[in-house]
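One structure is given below, encoded as C-alpha cells.
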Amino acid sequence: MDCGRAESDGTAERYVLGRLTATEVEEFESHYFDCDECFATVEALRAVKCQLEKDRQSVPQLAQRPNPTTRWWLALAAAVVATSAVSILVAWVLCSP
Amino acid sequence: METPVATAENLAERIRAGDRVAALEFVSRFYRRILIMARIRLRDEHLAMRVAMSATVEVLRRLRDRNELSQQTLASEVLCEARRVVDDLAAEADDRAESSREPLRQTTVPDLVTREFEHEARVRQILDAARPVDRAILGMSLVEGMGTAEIGGRLGMRPERVRRRKSRAVKRLRIAVQPLTRVGSMDGG
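The listed protein sequences derive, respectively, from chains A and B.
For the first sequence, position 39 matches number 39 in our numbering, and the numbering has no gaps at all.
For the second sequence, position 89 matches number 1089 in our numbering, and the numbering has no gaps at all.
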C-alpha cells in the first residue's frame, strides 16, 4: 500500500465507511500508522462524517434541493400561475359593473 | 524534515531507557492513530475513546518492558500491539457491559481529551465555512454512503465534477486538520 494507491482507490473513505475487506483493513492500517498524510485524510474524513451525522438535519435538506432542470420547470409553472391569476383579476375588474 | 524511521527507532530506545518525554511523544504520535483504529473496529465512540486510552498506555508499557528490539518499525510494532490490546479490551468491555456498568481500567489523560474537543471544534469551524454544495457532497458520500454518480444525479452535476469537488473539499479539510493531528508529535510540540 502506498499513498498514491490509497488515494486513487478511495481507500481512506472506504475504511471510514467500513467497506474494506479484512485484508485491506490490515494493509491500510499498517500504512497509515506510519504515514502522516494518509492518517490526516482518515482523521479528516472520520471527523467530518461524525460532525455531519450529528447535524444530519442539514444533509437531507441539501440533498433534496431540486436540480437546475427541476428549478427551471418550477419557475415556469410559477410564472404561468401568476400570469393566469393576474389575467383573471384584470378580467374581473374590467367586467365588473 | 525528520526521517520518520530514524526518529521512531530513537523514540523506542528512549522509551526503553525510561525517558518520560519520549513516553509523552509516543502518546502524542500514536494515541490518535489507535483511537481511529478503535473507532473503526468498535463502531462505538464512547467505548473507542476509553479503549484507545487504555490501549495506548498498555502498548507503551509493553514496549517499555520489552528488552529486545524487533526488526519491524516502531509503527508496525505499535499497530500489532494495539490491535491485540483493542481486541482484548473490547472483549473485556463486552463482558463488563453484560454484568454491570463498571468502567474499564481508569486511565485519565486529560490533555488528550482536551485535544479531542479542540479537534472537533476545528472540524466544526471548517465545515461551517464550507460551501453548502461541498457539505452536501460530503454528507451524501460519508453519511449516506452514496457514490459520485448518485450524488451527481441528486445535485444535477456530472459525476466527474462531484469527484473533483469532493477531492478538493477533503484536501482542504485534511490540510486544516493536519496541524492538530501533529500537535506535540515527534518534534516535541
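C-beta: ideal position from N, C-alpha, C; glycine also.
Bear in mind the structure is a predicted one, so any value in this text is a computation, not a measurement.
* residue 1046 of chain B: contacting residues in chain E (beta-carbon distance under 7 Å) -> Absent from the structure is chain E; the protein chains it does hold are A and B.
*Is the CB-CB distance between residue 1123 of chain B and residue 12 of chain A below 8 Å?*
In the second sequence, residue 1123 of chain B corresponds to position 123, counting from 1. In the first sequence, residue 12 of chain A corresponds to position 12, counting from 1. Result no, Cβ atoms of residue 1123 of chain B and residue 12 of chain A do not sit closer than 8 Å.
Coil, strand or helix - residue 1104 of chain B by DSSP
Here residue 1104 of chain B is taken as the residue at index 104 of the second sequence, counted from 1. Because the pLDDT of residue 1104 of chain B is 46, which lies under 50, any placement of that residue in the model is unreliable, and the question is left without a value.
In three-state terms, what does DSSP make of residue 1146 of chain B? The sequence position of residue 1146 of chain B within the second sequence is 146, counting from 1. Residue state, collapsed to three classes: coil.
Note down the Cα distance separating residue 1089 of chain B from residue 1051 of chain B, rounded to an integer number of angstroms.
As a position in the second sequence, residue 1089 of chain B is number 89, starting the count at 1. As a position in the second sequence, residue 1051 of chain B is number 51, starting the count at 1. Taking the straight line joining both Cα atoms gives about 6 Å.
Chain A contact residues for residue 1073 of chain B, given Cβ-Cβ distances below 8 Å
Position 73 of the second sequence, counted from the start, is the residue given in the question as residue 1073 of chain B. Within 8 Å Cβ-Cβ: 34.
Note to self: Along the chain, where does the alpha helix (DSSP H) containing residue 38 of chain A start, and where does it finish?
What the structure shows: Mapped onto the first sequence, residue 38 of chain A falls at position 38. Here the alpha helix (DSSP H) through residue 38 of chain A covers 36 to 54.
task = Could you tell me whether any Cβ in chain B is nearer than 8 Å to the Cβ of residue 41 of chain A?
result = Counting from 1 along the first sequence, the entry for residue 41 of chain A is found at position 41. Yes, contact with chain B.
Test: residue 47 of chain A CB closer than 8 Å to a CB of chain B:
Within the first sequence, numbered from 1, the residue matching residue 47 of chain A stands at position 47. Yes, contact with chain B.
| message | Let me confirm a value: residue 1129 of chain B is counted as buried when at least 16 other C-beta atoms fall within 10 Å, else exposed. Which label applies? | response | In the second sequence, the residue the question calls residue 1129 of chain B occupies position 129. Exposed, since its Cβ has fewer than 16 Cβ neighbours within 10 Å.
What does residue 56 of chain A touch in chain B if you count any residue whose Cβ is under 9 Å from its own? The count along the first sequence starts at 1 and reaches residue 56 of chain A at position 56. Those within 9 Å of residue 56 of chain A in chain B are 1139 and 1143.
Checklist entry - At what residues does the alpha helix (DSSP H) containing residue 8 of chain A begin and finish? => result Here residue 8 of chain A is taken as the residue at index 8 of the first sequence, counted from 1. 3 to 8 is the extent of the alpha helix (DSSP H) around residue 8 of chain A.
Chain B contact residues for residue 4 of chain A, given Cβ-Cβ distances below 9 Å
Here the question's residue 4 of chain A lines up with position 4 in the first sequence. Near residue 4 of chain A there are no residues of chain B at all, since even the closest Cβ is about 14 Å away, more than 9 Å.
Helix, strand or coil, according to DSSP, for residue 1128 of chain B in the structure here? Along the second sequence, read from residue 1 onward, the residue named residue 1128 of chain B stands at position 128. If DSSP states are grouped into helix, strand and coil, residue 1128 of chain B belongs with the helices.
Counting only beta-carbon separations shorter than 8 Å, does residue 16 of chain A have a partner in chain B?
In the first sequence, the residue the question calls residue 16 of chain A occupies position 16. Chain B, which has a Cβ nearer than 8 Å to the Cβ of residue 16 of chain A, makes this yes.
C-beta neighbour in chain A for residue 1079 of chain B, strict 8 Å | By one-based count along the second sequence, residue 1079 of chain B stands at place 79. Yes, contact with chain A.
Would you mind stating whether residue 1026 of chain B and residue 1060 of chain B have Cβ atoms separated by less than 8 Å? Against the second sequence, residue 1026 of chain B aligns to sequence position 26. Against the second sequence, residue 1060 of chain B aligns to sequence position 60. Yes; because the gap between Cβ atoms is below 8 Å, this pair is in contact.
- Query: Per the contact definition of three or more C-beta pairs closer than 8 Å, is the stretch 32 to 44 of chain A in contact with the stretch 75 to 94 of chain A?
  - Reply: no
Need the endpoints of the alpha helix (DSSP H) that residue 1037 of chain B sits in, please.
To locate residue 1037 of chain B, count along the second sequence from 1; it is residue 37. Looking at the DSSP string, the run of the alpha helix (DSSP H) that includes residue 1037 of chain B is 1020 to 1042.
Q.
Here's the rule I'm using: 16 or more other beta-carbon atoms within 10 Å means buried, otherwise exposed. How should residue 34 of chain A be labelled?
A. The residue given as residue 34 of chain A occupies position 34 in the first sequence. Result: buried.
Problem set entry | Members of the stretch 1016 to 1036 of chain B that neighbour chain A once the beta carbon cut-off is set at 8 Å | 1030, 1032, 1033 and 1036
So which residues of chain B does residue 53 of chain A contact, with C-beta pairs closer than 8 Å? Counting from 1 along the first sequence, the entry for residue 53 of chain A is found at position 53. Ordered by position in chain B, the residues that pass the 8 Å Cβ test against residue 53 of chain A are 1143.
**Message:** What does the alpha-carbon distance come out to for the pair residue 1041 of chain B and residue 1153 of chain B?
**Reply:** One-based indexing of the second sequence puts residue 1041 of chain B at position 41. One-based indexing of the second sequence puts residue 1153 of chain B at position 153. About 32 Å.
**Asked** Is it true that the CB of residue 53 of chain A sits closer than 8 Å to the CB of residue 1133 of chain B?
**Response** As a position in the second sequence, residue 1133 of chain B is number 133, starting the count at 1. As a position in the first sequence, residue 53 of chain A is number 53, starting the count at 1. Not closer than 8 Å, so no.
Query - Beta-carbon contacts of residue 22 of chain A that lie in its chain and below 6 Å, excluding the five residues immediately before and after - result: Counting from one through the first sequence, the residue named residue 22 of chain A turns up at place 22. So no residue of the chain qualifies.
Exercise. Note down, in chain order, every chain A residue with its Cβ under 7 Å from the Cβ of residue 1173 of chain B.
Key: Along the second sequence, one-based indexing puts residue 1173 of chain B at 173. Near residue 1173 of chain B (Cβ distances below 7 Å), the residues of chain A are 44 and 48.
Taking 8 Å as the CB-CB limit, is residue 1060 of chain B close to chain A?
Within the second sequence, numbered from 1, the residue matching residue 1060 of chain B stands at position 60. Output row for residue 1060 of chain B: interface = no.
>> Less than 8 Å between CB atoms is the rule here; does residue 30 of chain A satisfy it with respect to chain B?
In response: Translated into positions along the first sequence, residue 30 of chain A becomes position 30. Closer than 8 Å to some Cβ of chain B, the Cβ of residue 30 of chain A qualifies, so yes.
Open item on the list: Contact criterion: CB-CB distance below 8 Å. Does residue 1127 of chain B meet it with respect to chain A?
Closed with: Here residue 1127 of chain B refers to the residue found at position 127 of the second sequence. Residue 1127 of chain B counts as touching chain A.
Practice prompt. For residue 1120 of chain B, go through chain A and note every residue whose CB falls closer than 9 Å to its CB, in chain order.
Written response: As a working note, residue 1120 of chain B is residue 120 in the second sequence. Near residue 1120 of chain B (Cβ distances below 9 Å), the residues of chain A are 47, 50 and 51.
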